[in-house]
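>
Chains as they are written, first to last, in our numbering: chain G, 1 to 200; chain E, 1 to 200; chain A, 1 to 200; chain F, 1 to 200.
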């Protein structure tokens, strides 16, 4: 049995629900496809989130790291192609705001996902779940965690595959933030399950 | 047992699937809440669709007429507030195109829905399904059918309540038309069921 | 020389600039095409705005009433096809909020614009300014003023043509509200000038 | 007098006008701020566009390379933060389509723009022109040209600053492709002029 570290985030900005938190808690300790799921919820915090995912990585020694994030406005499941070496955007949950700042001072500008993103998109679509590759994970905490993890694996010279997938808002969240496109939590949960089943 | 005439449409324009067609076929002859459902699929045709809904109305003698239409781009279920006395927009499935043309030459400019649209929105939201009142049903076949039916009921002096609800694309359709927001067919079907259950 | 009553609105909701206010002030007392412009700025207030536009109408005795409103999110100039007999939406500038309320208790559900909206759209497009007919003016103050004025003219049995045109945000406003599409004030001003020149 | 190589593209996909082509032709051989402008129009062609920009670079020996591209759907001027080592997306003007393919087989995954993108955004905003940093130039020809040029400069060890700026559709184009947000050509031209004036 292989192991997957599945991360989500707590709520942030004006989104009082983060569907990735629910998904991660619900799938924690479940077996999906070839994987035992280790679910962990990360803080929306530039100082802590990177350290925490690395700590979870060291503790769980997973074969795959799959990080999930909410992309408010997304109409599809979007595996991210690349993480970039940049912190920017709104203040995090602790009020810390970054602008045009490198995550790793001597790190490369960008790092491609090592998940099979094309296969994931095709497999989700086959399962009747709209999906597409995204070419930016932004410059906020999602990108921060994705870059941090990819850089760590590379630095350690490990074979662990790692990457990030953004998901749409849930219906529950869209009822509170009325302009957001949304999926049912059931659809979101099924999408993450399908993704894990598609991994070798 | 009361009766509801539930209408949907066939596919149109570049949308090769119309989720309202599937819903109407699936709910036909079912009993939901206090209603026996008479499901009928209408053509996307300025000449025929109005005549057909009136024919179905006369044959089924329903207590309520609920017409469904696809609103490609919608992120919610949207009961329509008003139908307007205007045919306009792209050509229909027979190639007939209208511009700024009255539906009923001496009919009023607008006719409000006689469904309890606020109650529907609140009830859908309570059922965790994003919903909002829409203030335009457009000027294409959806508005045409809504106006035609409301005008007919008024002309005949009947008490039948009548109105229109637009629904988002299904995941199936969004996979073919990649920019559309979408819901699973299951969510769409549940929304229509909830609406019928909310009717007195 | 004919006379046109041109109205705009003060800022509202979280839009701290209302480009229609600037346009109306700038065109006030100018002569455009066959028209002398009487520019008036209306409050965003369900109690007062209708009374004020009627007062301006009585004082100026115009041949045409053209009301302008900001449609945050619009990418074009959109002459409105219809006003509906409904107050709804967010609270106005005095904190008064309406829901599903008729504007005129015994008024018709909808009233078509009596401006030549198709001609305006074609003329704007010919002038290289994107334009389209809109089928809803919403249910907030814009629709309120449009309905009130159309109903008043009808009630008085006058020949005055009356209608509403929504415009996009200005660049100035979009800089403060970062997701809005916008035009330069110069383009917005040119659009309103073109509209007046198109009137007989 | 310094020299700037300013590139645009010919029309592509279903956009029969490319405003960057007009801008580049109009500013060619003009002096703006400290720069003499060398304007060149590139083909939308995965095989040729990279070779051509390098050829123009060698011939003109500029101090700065500024490439422009149309971002249909953009509501602002968006200097790009990063180019990524990937060709993907729709077929180019010669019918050649790429998927998940590296541009430079042994090149880095991403390369940051070496233009002062934050300064450009601030300066454009000060000039009342909405602007924001974009974190993805996509994976089509715009990104291809941006990556190719940044990689070439790096490979040659030169100090030339290089980067890419996406612009909204022009009103002219939006009239042909009706859902696009747009600016007047005059605003677009002013934006590019402001950018060049902001360069040291």
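Note that the Cβ used here is the ideal one computed from N, Cα and C, for glycine as well.
Note that the structure is predicted; figures quoted are calculated from it, not measured.
1) What separation, rounded to the nearest whole angstrom, lies between the Cα atoms of residue 183 of chain E and residue 41 of chain E?
2) Going by alpha carbons, who is nearest to residue 113 of chain F out of F:133, F:187 and F:21?
3) Please name the residue in G:65, G:82 and G:156 whose C-alpha comes closest to that of residue 6 of chain G.
4) Below 7 angstroms CB to CB, which residues in the same chain sit around residue 30 of chain F once its five sequence neighbours on both sides are set aside?
5) Which same chain residues end up closer than 7 angstroms to residue 100 of chain E when comparing Cβ atoms and leaving out the 5 residues on each side of it in sequence?
6) Out of curiosity, what's the CA-to-CA distance linking residue 166 of chain G and residue 176 of chain E?
7) Pick from A:144, A:32 and A:131: whose alpha carbon is nearest that of residue 103 of chain A?
8) Do the stretch 154-173 of chain F and the stretch 68-75 of chain F make contact, defined as three or more Cβ pairs closer than 8 angstroms?
9) Please list the terminal residues of the continuous beta strand (DSSP E) segment that includes residue 36 of chain A.
10) Run the CB neighbour count on residue 106 of chain E, radius 10 Å, all protein chains shown included, and call it buried at 16 or more, exposed below.
11) For residue 14 of chain G, count the other beta carbons within 10 Å of its own beta carbon; 16 or more makes it buried, fewer makes it exposed. Which is it?
12) Can you find a CB in chain F that lies within less than 8 angstroms of the CB of residue 110 of chain G?
13) Measuring only the C-alpha atoms, how far is residue 59 of chain G from residue 93 of chain G?
14) Count the other CB atoms, across all protein chains shown, that sit within 10 Å of the CB of residue 122 of chain F; report buried if there are 16 or more and exposed otherwise.
15) CA-CA distance, residue 157 of chain E and residue 111 of chain E?
16) By DSSP, does residue 101 of chain G sit in helix, in strand, or in coil?
17) Are the Cβ atoms of residue 181 of chain G and residue 181 of chain E separated by less than 8 angstroms?
18) Using C-beta distances below 6 angstroms, list every residue in its chain close to residue 63 of chain F, excluding the 5 sequence neighbours before and after it, in chain order.
19) So who's on the other strand from residue 148 of chain F, going by DSSP bridges?
20) Using a Cβ-Cβ cut-off of 8 angstroms, state whether residue 130 of chain G counts as contacting chain E.
21) Rounded to a whole number of angstroms, what is the C-alpha to C-alpha distance between residue 47 of chain E and residue 142 of chain E?
22) Do you know offhand how far residue 74 of chain A's Cα is from residue 196 of chain F's?
23) Quick one, are the C-beta atoms of residue 136 of chain E and residue 136 of chain A less than 8 angstroms apart?
24) In angstroms, rounded to a whole number, what distance separates the CA positions of residue 98 of chain G and residue 91 of chain G?
25) Name, please, each residue of chain A whose Cβ falls closer than 9 angstroms to the Cβ of residue 180 of chain F.
26) DSSP three-state call for residue 122 of chain A: helix, strand or coil?
27) Residue 80 of chain A: which of A:131, A:152 and A:9 sits nearest, CA to CA?
28) So, is the C-beta of residue 171 of chain A closer than 8 angstroms to a C-beta in chain F?
29) Can you give me the C-alpha to C-alpha distance between residue 24 of chain A and residue 43 of chain G, rounded to a whole angstrom?
30) Spatial neighbours of residue 171 of chain A within its chain, please: CB distance less than 6 angstroms, with the 5 preceding and 5 following residues excluded, ordered by chain position.
31) Tell me the rounded alpha-carbon separation between residue 127 of chain F and residue 194 of chain F.
32) Can you give me the C-alpha to C-alpha distance between residue 125 of chain G and residue 116 of chain F, rounded to a whole angstrom?
33) In its own chain, which residues sit with a C-beta less than 7 angstroms from the C-beta of residue 32 of chain A, not counting the 5 before and 5 after it?
34) Quick one: give me the first and last residue of the alpha helix (DSSP H) that residue 189 of chain E is part of.
35) For the alpha helix (DSSP H) that contains residue 64 of chain G, what are its first and last residues?
36) Could you tell me whether any Cβ in chain E is nearer than 8 angstroms to the Cβ of residue 135 of chain A?
On the basis of the coordinates in this document:
1) Translated into positions along the second chain, residue 183 of chain E becomes position 183. Translated into positions along the second chain, residue 41 of chain E becomes position 41. Those two C-alpha atoms are separated by around 21 angstroms.
2) Along the fourth chain, read from residue 1 onward, the residue named residue 113 of chain F stands at position 113. Considering only alpha carbons, the answer is F:133.
3) The sequence position of residue 6 of chain G within the first chain is 6, counting from 1. Selected option, being the one with the closest Cα: G:65.
4) Walking along the fourth chain from the start, residue 30 of chain F turns up at place 30. 37, listed in sequence order.
5) Taking the second chain and counting its residues from 1, the one referred to as residue 100 of chain E is at position 100. 86 and 88.
6) To locate residue 166 of chain G, count along the first chain from 1; it is residue 166. To locate residue 176 of chain E, count along the second chain from 1; it is residue 176. Rounded to whole angstroms, residue 166 of chain G to residue 176 of chain E spans 21 angstroms at the Cα level.
7) Within the third chain, the letter at position 103 stands for residue 103 of chain A. Cα-wise, what sits closest to residue 103 of chain A is A:144.
8) yes
9) On the third chain, position 36 is the one that residue 36 of chain A refers to. Unbroken beta strand (DSSP E) run through residue 36 of chain A: 35-42.
10) If you number the second chain from 1, residue 106 of chain E lands on position 106. With fewer than 16 Cβ atoms within 10 Å of its Cβ, residue 106 of chain E is classed as exposed.
11) Counting from one through the first chain, the residue named residue 14 of chain G turns up at place 14. The residue is exposed, with fewer than 16 neighbouring Cβ atoms inside 10 Å.
12) Locating residue 110 of chain G in the first chain gives position 110, counting from the first residue. Chain F, which has a Cβ nearer than 8 angstroms to the Cβ of residue 110 of chain G, makes this yes.
13) To locate residue 59 of chain G, count along the first chain from 1; it is residue 59. To locate residue 93 of chain G, count along the first chain from 1; it is residue 93. One C-alpha to the other measures close to 25 angstroms.
14) Taking the fourth chain and counting its residues from 1, the one referred to as residue 122 of chain F is at position 122. Exposed, because fewer than 16 other Cβ atoms sit within 10 Å of the Cβ of residue 122 of chain F.
15) If you number the second chain from 1, residue 157 of chain E lands on position 157. If you number the second chain from 1, residue 111 of chain E lands on position 111. Cα-Cα distance, rounded: 14 angstroms.
16) In the first chain, the residue the question calls residue 101 of chain G occupies position 101. Looking at residue 101 of chain G - three-state DSSP - the assignment turns out to be strand.
17) Along the first chain, one-based indexing puts residue 181 of chain G at 181. Along the second chain, one-based indexing puts residue 181 of chain E at 181. Taking 8 angstroms as the Cβ cut-off, residue 181 of chain G and residue 181 of chain E qualify as a contacting pair.
18) Taking the fourth chain and counting its residues from 1, the one referred to as residue 63 of chain F is at position 63. Counting only Cβ-Cβ distances below 6 angstroms, and skipping sequence neighbours, we find 2 and 3.
19) Translated into the one-based positions of the fourth chain, residue 148 of chain F becomes position 148. Note: residue 148 of chain F sits in no beta bridge, so no partner.
20) By 1-based counting over the first chain, the position of residue 130 of chain G is 130. Closer than 8 angstroms to some Cβ of chain E, the Cβ of residue 130 of chain G qualifies, so yes.
21) As a working mapping, residue 47 of chain E is identified with position 47 in the second chain. As a working mapping, residue 142 of chain E is identified with position 142 in the second chain. About 13 angstroms.
22) To locate residue 74 of chain A, count along the third chain from 1; it is residue 74. To locate residue 196 of chain F, count along the fourth chain from 1; it is residue 196. Each residue's Cα considered, the two are about 30 angstroms apart.
23) Along the second chain, one-based indexing puts residue 136 of chain E at 136. Along the third chain, one-based indexing puts residue 136 of chain A at 136. Yes, the Cβ-Cβ distance between residue 136 of chain E and residue 136 of chain A is below 8 angstroms.
24) Here residue 98 of chain G is taken as the residue at index 98 of the first chain, counted from 1. Here residue 91 of chain G is taken as the residue at index 91 of the first chain, counted from 1. Rounded to the nearest angstrom, the two C-alpha atoms are 7 angstroms apart.
25) Along the fourth chain, one-based indexing puts residue 180 of chain F at 180. By Cβ distance, chain A contributes 75 and 130.
26) The residue given as residue 122 of chain A occupies position 122 in the third chain. DSSP places residue 122 of chain A in helix when its eight states are reduced to three.
27) Indexing the third chain from 1 puts residue 80 of chain A at position 80. The residue with the shortest Cα to Cα distance from residue 80 of chain A is A:131.
28) Numbered from 1 along the third chain, position 171 holds the residue referred to as residue 171 of chain A. Chain F, which has a Cβ nearer than 8 angstroms to the Cβ of residue 171 of chain A, makes this yes.
29) Numbered from its first residue, the third chain carries residue 24 of chain A at position 24. Numbered from its first residue, the first chain carries residue 43 of chain G at position 43. Cα-Cα distance, rounded: 50 angstroms.
30) Along the third chain, read from residue 1 onward, the residue named residue 171 of chain A stands at position 171. The answer, listed in chain order, is 182 and 184.
31) Taking the first residue of the fourth chain as 1, we reach residue 127 of chain F at position 127. Taking the first residue of the fourth chain as 1, we reach residue 194 of chain F at position 194. Near 8 angstroms, if we compare the C-alpha coordinates of residue 194 of chain F and residue 127 of chain F.
32) Position 125 of the first chain, counting from 1, holds the residue named residue 125 of chain G. Position 116 of the fourth chain, counting from 1, holds the residue named residue 116 of chain F. About 40 angstroms.
33) Counted from its first residue, the third chain places residue 32 of chain A at position 32. Contacts found: 193, 196 and 197.
34) The residue given as residue 189 of chain E occupies position 189 in the second chain. Counting along the chain, the alpha helix (DSSP H) containing residue 189 of chain E begins and ends at 185-198.
35) The count along the first chain starts at 1 and reaches residue 64 of chain G at position 64. Not the alpha helix (DSSP H): residue 64 of chain G falls in the beta strand (DSSP E), residues 64-70.
36) Taking the first residue of the third chain as position 1, residue 135 of chain A is located at position 135. Closer than 8 angstroms: yes.
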